[in-house]
Amino acid sequence: MSPRRYIQGPGVIRYGGKFIKIFGRKVFVFADEVVLGIVKEPLNKSFKEHEVDAVFEVFRKECSWEEIDRLSKMAQNFSADVVMGAGGGKALDTAKAIGNKIGIPVVCLPTIASTDAPTSALSVIYTEPYPGEFLEYKFWPRNPDLILVDTEIIAKAPARFLACGMGDASSKIFEGRAVIQSGKCNFVWSEYEPEVKTPLRSTILGFELCKLTSEILRKYGQAAMEAARKHVVTPALEVVIEANTLLSGLGFENTGLAAAHSIHNGFTILEKKMRPHQYHGELVTFGTIVQLVLENVSLDIVVKYMKWAHNIGLPINLEELGLFDITEEELWKVSEKAVAPKETIHNEPFEVTAEMVFNAIKVADSIGRKVAKIHPRELYE
């Protein structure tokens, strides 16, 4: 399971029209106002060179059914035969939803390497208004048709986004291992799609990609962060962008997810309380720590992961998630949401209850506070 074409390198946005015209001649492009300021001019120039007609629209930041419907109608009114989303994971997930809803090819132009959303055949749907709470995963019958990854654009973004991408990608080896141990299905097939009767098990290649992702992040992660802080493209940055985007995406779809992403989903109910706001990969990082505690992994492995996370700048306890006064009641609500019936936490090789999650969060936070005292967190910038 993979996208049809993946193009990565410095300046590839300048060839957008050349690649997009393979799929159509009328492209509906959307992004938030900041991203439009970055991509509109080079895209327009390339579109004109290759006789591609385009219209640009402002994305309202949330991948919600309301926003999907709004933009879908606009794309149809334009008679678009291609949809392009530019920006972060929510914009790209929205593009996939639009393309599958109205039946046209999907192009993803990530301007940050903060998640593996560009390559996958699913959208994470949230409630309105922004920032919304996690609502559901929506699985699509096909992956995006084209991924354009301009590493010059990504290098100019705040380094925090690259770190978030590493946080998201770092969970895949642990989640993939849990899915394999439990014998549950991967994301090529979902038990939440009842019309499909035969589950598809994790593939050897999928888990090898999860392992390769982990190796790259540990070997090149800190060097890539230095490049991101200086906003320059280096070999380390290139390989980490590919790991965050392509390898992690192919890895999780063909292997599966488990507790870490469910813990993330649980914490979305407290996003409005977090100061500062936390991104997907930051919540997944802490979710990975909670998963390791749930699985009774040795303390040495937990601490090793925490130290790596701190070297990148990622959070390892509740205060670092911006939660300074979380109550027992709030923590219980997070735990209940994490074990909702359709959550991937049930891909763990044992039954997981809300009480188990509640206790594991407390232990993960306690260990994280102790590690933070002896191994300080690096600054993103």
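The opening position of the sequence shown corresponds to residue 37 in the numbering used here, with each subsequent residue numbered one higher. All C-beta atoms in this analysis are idealised placements derived from N, C-alpha and C, irrespective of residue type, glycine included. Fair warning: this is a prediction, and the values are worked out from it, not measured in the lab.
(message) Considering Cα atoms alone, identify which of GLU251, PHE303 and ASN280 is closest to PRO167.
(response) Counting from 1 along the sequence shown, the entry for residue 167 is found at position 131. Selected option, being the one with the closest Cα: PHE303.
(request) Quick one: grab the DSSP three-state call for PRO146. (result) Against the sequence shown, residue 146 aligns to sequence position 110. DSSP places PRO146 in strand when its eight states are reduced to three.
(request) Could you tell me if LEU283 is buried or exposed, where buried requires 16 or more neighbouring beta carbons within 10 angstroms of its beta carbon? (result) In the sequence shown, counting from the first residue as 1, residue 283 sits at position 247. Buried, by the Cβ-count rule.
(request) Would you give the residue range spanned by the alpha helix (DSSP H) that ALA396 belongs to? (result) Stepping through the sequence shown from its first residue, residue 396 is reached at position 360. Looking at the DSSP string, the run of the alpha helix (DSSP H) that includes ALA396 is 390-410.
(request) Name, in chain order, the residues that DSSP records as bridge partners for LYS62. (result) Locating residue 62 in the sequence shown gives position 26, counting from the first residue. In the DSSP output, where bridge partners are listed per residue, LYS62 has ASP89.
(message) Taking the beta carbon of ILE410 as the centre, do at least 16 other beta carbons fall within 10 Å, making it buried, or is it exposed?
(response) As a first step, residue 410 is located in the sequence shown; it is residue number 374 there, counting from the start. Exposed, because fewer than 16 other Cβ atoms sit within 10 Å of the Cβ of ILE410.
(message) For the beta strand (DSSP E) containing ARG41, name the first residue and the last one.
(response) Within the sequence shown, numbered from 1, the residue matching residue 41 stands at position 5. Note, ARG41: beta strand (DSSP E), 41-45.
(request) Using alpha carbons as the reference points, say which of GLU355, VAL91 and ILE74 lies closest to PRO26. (result) Not covered by the structure: residue 26. The range shown for the chain is 37 to 417.
(message) Whole angstroms are fine: how far does the CA of ILE189 sit from the CA of ILE325?
(response) Indexing the sequence shown from 1 puts residue 325 at position 289. Indexing the sequence shown from 1 puts residue 189 at position 153. The alpha-carbon atoms of ILE325 and ILE189 are separated by roughly 31 Å.
(request) Would you list the one or two residues that DSSP bridges to ALA122? (result) The sequence position of residue 122 within the sequence shown is 86, counting from 1. LEU145.
(message) Looking only at its chain, what residues have a beta carbon closer than 8 Å to the beta carbon of TYR228, apart from the 5 residues adjacent to it on each side?
(response) Walking along the sequence shown from the start, residue 228 turns up at place 192. Note that TYR228 has pLDDT 49, beneath the 50 cutoff, so the model's placement of it is unreliable and the number below is only indicative. Cβ neighbours of TYR228 beyond the five flanking positions: TYR173, PHE175 and LYS378.
(request) Compute the beta-carbon to beta-carbon distance between LEU293 and VAL388, rounded to the nearest angstrom, for a pair I have assumed lies under 8 Å. (result) Within the sequence shown, the letter at position 257 stands for residue 293. Within the sequence shown, the letter at position 352 stands for residue 388. With a Cβ gap of about 13 Å, LEU293 and VAL388 do not count as contacting.
(request) Have a look at PRO39 and ILE252 and give me their C-alpha separation to the nearest angstrom. (result) Within the sequence shown, numbered from 1, the residue matching residue 39 stands at position 3. Within the sequence shown, numbered from 1, the residue matching residue 252 stands at position 216. Whole-angstrom Cα-Cα distance: 21 Å.
(request) Report the residue ranges of all alpha helix (DSSP H) runs contained in full by the segment 124-200; include only those spanning at least 4 residues, in chain order. (result) 125-138 and 187-192
(request) Kindly indicate the opening and closing residues of the alpha helix (DSSP H) around GLN314. (result) Taking the first residue of the sequence shown as position 1, residue 314 is located at position 278. Note, GLN314: premise wrong, no alpha helix (DSSP H); not H, not E.
(message) Let me check one thing: in DSSP terms, what residues is VAL94 bridge-paired to?
(response) For the purposes of this step, residue 94 is taken as residue 58 along the sequence shown, with counting starting at 1. DSSP output for VAL94 lists ALA67 as bridge partner(s).
(request) Starting from the C-beta of VAL224, find all residues in its chain whose C-beta is less than 7 Å away, skip the five residues before and the five after it, and write them out in chain order. (result) Against the sequence shown, residue 224 aligns to sequence position 188. MET37, LEU236, GLU289 and ASN290, listed in sequence order.
(request) Name the one or two DSSP bridge partners that ARG237 has. (result) Taking the sequence shown and counting its residues from 1, one reaches residue 237 at position 201. Answer is CYS221.
(request) Verify whether the separation of the beta carbon atoms of GLU318 and GLY203 is less than 8 Å. (result) What you label residue 318 is simply residue 282 of the sequence shown in a count that begins at 1. What you label residue 203 is simply residue 167 of the sequence shown in a count that begins at 1. Result yes, Cβ atoms of GLU318 and GLY203 sit closer than 8 Å.
(message) Helix, strand or coil for ARG413? Go by DSSP, reduced to three states.
(response) By one-based count along the sequence shown, residue 413 stands at place 377. Note: ARG413 maps to coil in three-state DSSP.
(request) Please confirm if the segment 155-171 is in contact with the segment 94-112, defined as three or more CB-CB distances below 8 Å between the two stretches. (result) yes
(request) Using three-state DSSP, classify THR270 as helix, strand or coil. (result) Sequence index remark: in the sequence shown, residue 270 carries index 234 (1-based). Of the three classes helix, strand and coil, the one that applies to THR270 here is coil, per DSSP.
(request) Enumerate in chain order the residues of its own chain whose CB-to-CB distance from ALA122 is below 7 Å, with the five nearest sequence positions on each side excluded. (result) Translated into positions along the sequence shown, residue 122 becomes position 86. Result list for ALA122: VAL65, ALA67, VAL71, VAL75, LEU145 and THR147, in chain order.
(request) Could you work out which residue in ASN136, PHE322, GLY242 and LEU328 is closest to LEU158 when comparing CA atoms only? (result) As a working note, residue 158 is residue 122 in the sequence shown. Ranking ASN136, PHE322, GLY242 and LEU328 by Cα distance to LEU158 puts ASN136 first.
(message) Quick check on this structure: which residue in LEU241, LYS126 and GLU372 has the alpha carbon closest to the alpha carbon of TYR162?
(response) Counting from one through the sequence shown, the residue named residue 162 turns up at place 126. Among LEU241, LYS126 and GLU372, the Cα nearest to that of TYR162 is on LYS126.
(request) Return the CA-CA distance between VAL48 and ILE183, expressed in angstroms with no decimal places. (result) Against the sequence shown, residue 48 aligns to sequence position 12. Against the sequence shown, residue 183 aligns to sequence position 147. Cα-Cα distance, rounded: 11 Å.
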